[in-house]
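Here is the structure we will look at.
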Amino acid sequence: MLLAVLSGFILCALAPWLTRSLGDRAGWLLAILPAGLFAYFLGWIPEVIETGAVTLQYPWIPGLDINLSFLVDGLSLLFALLISGIGTFIIIYAGGYLHGDPYLPRFYAIMFAFTAAMLGVVLSDNLLTLFVFWELTSITSYLLIGYHHEDKEARWCALQGLFVTVAGGLALLAGLLMLAVAAGGEYTLSGILASDGLQEYPFYTAMVLAILAGTFTKSAQVPFHFWLPNAMAAPTPVSAFLHSATMVKAGVYLMARLNPALGGTELWFYMLGIFGAVTMFTGSFMALRSTGIKAMLAYSTIMALGTLTMLIGIGTEAAIVAAMAFLLAHALYKAALFMLAGVLDHETGTKDITRMGGLRRAMPITFVTACVAALSLAGLPPLFGFIAKELMFEATLHGGALTTFTTVLALLSAIMIMAVAAIFALRPFIGARTETPKSPHEGPLSMLIGPVVLAALSLVFGVAAFIPEAALLQAAVTAVHGRPVDFHLYLWHGVNVPLLLSAIAIVIGLLAFRFWDAVLAGFRRMPFIDRLGPERGYERLMDGLVWLAEWQTRVLQNGYMSNYIITLVLTTVALTGWTLFVHTGTAIPLGDINVRIYEWFTVGLILAGALFATITGSRLTAVAALGMAGFGVALVFVEFSAPDLGTTQIMVETLTVILLVLVLYRLPAFVNFSSPGTRLRDALIAASFGGLMTLLILVVHDINVAEPISDQLVQWSYPEGHGRNIVNVILVDFRALDTLGEIFVVGLAAIGVYAMIQLRAEDRRQ
Amino acid sequence: MSLEVALPIIIPFLAGSLSLVFYRAPLVQRWLGVAGTGALLLASIVLLYRTYTDPDQVLSIAMGGWPAPYGIVLVSDLLGAIMTVLAGIMGFATAVYSLPTISRDHEAFGYYPLMHLLLAGVCGAFLTGDVFNLYVWVEVLLVASFALLILGGERAQMEGAIKYVALNLLSSILLLVAVGLTYGMTGTLNMADLVGRFAAMENQGLVTVVAMLFMVSFGIKAAAFPLFFWLPAAYHTPPVAVSALFAGLLTKVGVYALFRFFSLLFTQDVGYTHEILLWGAGFTMITGVLGAAAQYEFRRILSFHIVSQIGYMIMGLALFSPLALVGGVFYIMHHIIVKANLFLVSGVVYFLRGSYELKHIGGLWRTHPWLGLLFLIPALSLAGVPPLSGFFGKYIIIRAGVEQESWGIVAVALVVGLLTLYSMIKIWAEAFWKAQPEEHEERARAFEAAVSGKRLTLMVLPIGALAAITVFIGLGAQPIYELAYAAAEQMRDPQIYVNAVLGDTQ
């Protein structure tokens, strides 16, 4: 199993090389891998039917509860088979569709990574590996959607898809972590499904909403659906794959998977039921408005995703059965239809369905296949799509509180989808032959084999519904519902309400097809629909983001050093001062202070120097005043019996003053740019900082928790350090490492200054 | 007494001094650059190994033979040793990268000695067990980095460097004040000794007050909100090898110090201090990532992302649960590798296209797919895309947040992850996917033609190695996790550190 899931990644690394060396046949040969996987998963069916669910575990990061564990049951197997089966045809198809494209090797590499990630999503038992693969599908699909990346539009669409799905993905991560916490630290799906009490978790609502944010974005539910039609910027094989069996189905998969654990609450029921139904309606409505052949199919995918979500939300036995049947039916016909759309586009050179006509003679196989697949889309007997749609009506008719709402929307959707199916199957092929950019002829075998086989399966499964039912759907329904359900799929259910609804849908749908041009014209008179879309919201959000970013940068990173320093100083004062206030209040515990008279003199000297330096208008005076403060400090050292420090300080001060004066000589005249207000503000800030520092020193002044280490150093100084001057012994022995470091600091500064002067001087010479 | 604790400081000091001796012989300096940083890397790996296998998992050495707490001790616990290894990796990678990218001018004016001494300062800061000594190392690395920043003397460099040094000196002053106050209250400078003496203080509130000074000082070094201005002002100005080294290591000294002080020394009032850290972390993440969203220059984008990523690390510290600390350490490890690598990639892009402005460059995915891959690995990792290293770092921290029900910070961390992806994808779409803009085509061609294959190979070598480490940290996260876990265990129990340094006799 591990190899089965990861083989795609291995092939991803080899694909570029293989594609190059295999040449034209690459598509056929590379398809061996997904075909092999399909056979492998088929082999699992007997075991799953017998035992229900199998889990396998390979340790990865056990410390973080991340393991490569897999859960094989009806649901994951159904998805795995769809992914590998349809994937096989997609790989073959891509070889024909992108024939001669120099970047085909890269394409295959990403495609295999994507397929493997998708398999990982549906087979993972571990929540985190599921998420890892989930995000990988987002990233790889980004690279696939942006395949024509020199086109600005394609880049934009790819980014949109990525941004929306990753945003949802991050919410999903939070949701999954909450799920694990709610399940008592259980990080496997099988464990979570087996645990109870999830719905008593205090943050149940937030958890469900976070998870649904992930699945709704991924599965293009309203109001996040807008990225999916834009994802058609991808080459058609990618669209066919994304829309039918992968990517968008990941969200549906996860909702189905978690249904037994999270379902059954009002929140789950209403969220899924309402959003699903609205999505279903929006998708079919937008499909009918479209004229682009791929856009039409993309919106019909949204319809299908909405239907599935709605059915999972309704959650009755009938609804779950309907969901699984619908899932299978949709995957089969949608992959076929998309691949056919690619054939049409490839052979005629246009994507606009209104510009195609009379192609039945030139492309007979395409025509017949399109008819079969579209019949399944429309839900007409004897196709498998019919069974699925009947079941769907059956489910909505018993939809609890949402019965009316879902049934009405389902009927309206069915009408519109009927029309869309008819348009797709008939419009390009019948009527008079129209001029197209390329002269059309039948597509190559590589591009037709997929649609033909898949359409044929739609037919076979319709006539012999017991095959998918016994092989897969029973087990899948058991997994989604949480316990076995007794059901059988028939083409003919007798005359009942669902059949009646179907009949209504067919009649009105065909009428809409008949008068489609009028319908389209009607839609064109309603341009406000375009403006209403949530896509505008996305654009606003992105623009707002950039605006906010620029505004913030202007405010914060404004380039003024004085602002930076003020912020730093105020932060210090606020944090430290506030902490002092919180912990001591206004009764600040000052230590005993006894100041001798000549000490006042020193303090006065320093203060006067500092003050004078700030208010004087002359640089020279300022330097002299600073020198005065410096000499004051030297006096302090002397006062506290450190005469050598005092001497050093005096030398440093003297040198500084001399150097500064030399520099000042070269500077332009002093101009005061600050207004009195600014100066007052700066003075206050400076005073608050100085005041705080003074206060702190006064506070800690006579706290001594234990004897200072200097006492021991004094004792050691002569016998151990062999020096009578304790300061010297500290500098060169006790704390010699500090001194070494400081020597290097001085050396470094010297190198820096030397380099600065020399490098510039050399510039000038050149 | 373990000499290997001192080696990561001695080696770069020696290499730097030797490079100064050969000031006029750039070729020797280059060899010394690679050999010295290589030796540093080896020494740091040995140190980590010895520390990890030590019964206490703490090694220490008393410098000059003066026992703790009277002399200066160097201490290698797991956090310090891990940081040192990262410094070794960064030093070696940038030294190799410097060979083809550093101009003669730079070499002639002390580039290599400065680089070695910078590494000495960084390693010193990671390994010292003495608060004043920490100040000294911070000075060493500050002055070394300042000199590296101004090397070249471009106007933009000067402007950035002045802001850099002024604001960082302010941080140093605060650090010095804090160290002074600490000594004034406790009469000791040894960190292990401080643990007991702080605990013995009657007025615990004053400890917290001093803690705030340390927090602001290290917050400036770490480029946390609202103290990060110096970083975006300066990091895009020097040669890329320097930017990469800075991006990998300098802010991390601040982060390391925060981790050290707020796990070992200042845990008296976690509800107060770490709550402030948490707010700081949140704002750091947001402001950093928004800053990046406004930029269109490759290195400026990366610079702002340093800020934003610092937020995640501090978040790990601030949540202060065992898992959160693991996440913090894990994140630091991942981030240093990834961030420096992105800067290195930006350098290659510059050598191939002649500009860092995203609007002037493009077409690299067509012409250099391997470079695209080497960009995607660190870029997606930075954005936290699984299964790369960044995902696991984020996952651990966010999981810690969910477990503590700190929903606000969890939401911030998630949204910032998304915006990080936005920035990385912006670079990807502009530099790699978009076609090369025609008006800048000539310069791009000229640059690409001027790069020899050999130079390109030397540049890509360290990038590839760092990318491989990124992939390894992701796919093989278990050993890295175990290491981070052990380091976090030590942080949770300061007594381990104290006993190992002062001896159990105390």
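Sequences listed follow chains F and U, in order.
Residue numbering for the first sequence follows my numbering, beginning at 1 and increasing consecutively.
Residue numbering for the second sequence follows my numbering, beginning at 767 and increasing consecutively.
Cβ atoms here follow ideal geometry from the backbone N, Cα and C, with glycine treated the same way.
Given the structure is predicted, the values throughout are model-derived calculations rather than measurements.
Straight-line spacing of the CA atoms in Leu144 of chain F and Glu539 of chain F works out to 22 Å. In the three-state reduction of the DSSP assignment, Gly400 of chain F falls in the helix class, which pools H, G and I.
Measuring C-alpha to C-alpha distances from Tyr1022 of chain U to each of U:Gln1034, U:Gly1037 and U:Ala990 identifies U:Ala990 as the nearest. Close to Asn67 of chain F, with beta-carbon spacing below 9 Å, lies no residue of chain U; the smallest spacing is near 10 Å. Restricting attention to U:Tyr901, U:Leu915 and U:Gly799, the CA atom closest to the CA of Glu742 of chain F is found in U:Tyr901.
Contacts with chain U (Cβ-Cβ distance below 9 Å) from the region 91-120 of chain F involve Tyr103 and Arg106, listed in chain order. Here the region 1064-1074 of chain U lies against the region 997-1007 of chain U, with 3 or more beta-carbon pairs under 8 Å apart. Distances from the CA of Ser1218 of chain U to each of U:Gly1129, U:Phe1117 and U:Ala1007 were compared; the closest alpha carbon is that of U:Phe1117. Looking at the backbone, the Cα of Ile32 of chain F and that of Ala154 of chain F are separated by about 30 Å. By the C-beta criterion, the region 1253-1263 of chain U is judged not to be in contact with the region 1163-1175 of chain U, since fewer than 3 inter-stretch pairs fall below 8 Å. Take the alpha-carbon of Asn672 of chain F and the one of Ala932 of chain U: they are about 21 Å apart. Counting along the chain, Ile10 of chain F sits inside the alpha helix (DSSP H) bounded by residues Leu2 to Leu22. For the region 738-750 of chain F, residues whose beta-carbon sits nearer than 7 Å to a beta-carbon of chain U comprise Asp738, Gly741, Glu742, Phe744, Val745, Leu748 and Ala749.
Under the DSSP assignment, Trp60 of chain F falls in the beta strand (DSSP E) whose first and last residues are Val54 to Ile61. Among the residues facing chain U, Gly630 of chain F is not included, as its CB has no counterpart in that chain under 7 Å away. Along the region 1060-1090 of chain U, the beta strand (DSSP E) does not occur as any fully enclosed run of 3 or more residues.
Looking from the CA of Leu228 of chain F, the closest CA among F:Leu176, F:Trp156 and F:Leu209 belongs to F:Trp156. In this structure, F:Leu397 is the residue among F:Gly462, F:Leu397 and F:Leu501 with its C-alpha nearest to the C-alpha of Gly315 of chain F. The Cβ atoms of Glu200 of chain F and Gly169 of chain F lie no closer than 7 Å to each other.
Here Gln970 of chain U is exposed, its C-beta having fewer than 16 other C-beta atoms within 10 Å. In this structure, Val839 of chain U lies away from Leu575 of chain F, with their beta-carbon atoms at least 7 Å apart.
Residue contact with chain U for Leu696 of chain F: present (Cβ-Cβ distance below 7 Å to some residue of chain U).
Sequence-ordered contacts of the region 1244-1270 of chain U with chain F read Gln1244, Tyr1247, Glu1248 and Tyr1251 [C-beta pairs closer than 8 Å]. The beta carbon of Val1036 of chain U does not come within 7 Å of any beta carbon belonging to chain F, so the residue lies off that interface. By the CB criterion at 7 Å, Val1176 of chain U and Ile1162 of chain U fall outside the cutoff. Under a 10 Å Cβ-count criterion, Pro260 of chain F is classified as buried, with 16 or more other Cβ atoms of the shown protein chains found around its own Cβ. Contact with chain F is absent for Ile1098 of chain U, since none of that chain's Cβ atoms lies less than 7 Å from the residue's Cβ. One alpha carbon belongs to Ala1243 of chain U, the other to Phe133 of chain F, and they sit about 16 Å apart.
In summary, Gln715 of chain F is exposed, with fewer than 16 beta-carbon neighbours lying within 10 Å of its beta-carbon over all protein chains present.
Taking every protein chain shown into account, the CB of Arg361 of chain F has fewer than 16 other CB atoms within 10 angstroms, so this residue is exposed. Remark: C-beta atoms of Leu383 of chain F and Leu391 of chain F do not approach each other more closely than 7 Å.
From the beta-carbon of Ile1103 of chain U, no residue of chain F is found nearer than 9 Å; the closest lies around 18 Å away. Scanning its chain for C-beta atoms nearer than 8 Å, with the 5 sequence neighbours on each side dropped, one finds around Leu499 of chain F the residues Glu390 and His493, in chain order. Taking every protein chain shown into account, the CB of Phe466 of chain F has fewer than 16 other CB atoms within 10 angstroms, so this residue is exposed. Separation of Ala891 of chain U and Ala1010 of chain U (C-alpha to C-alpha, rounded to the nearest whole angstrom) is 19 Å.
In the DSSP assignment, Asn67 of chain F forms a beta bridge with F:Pro59.
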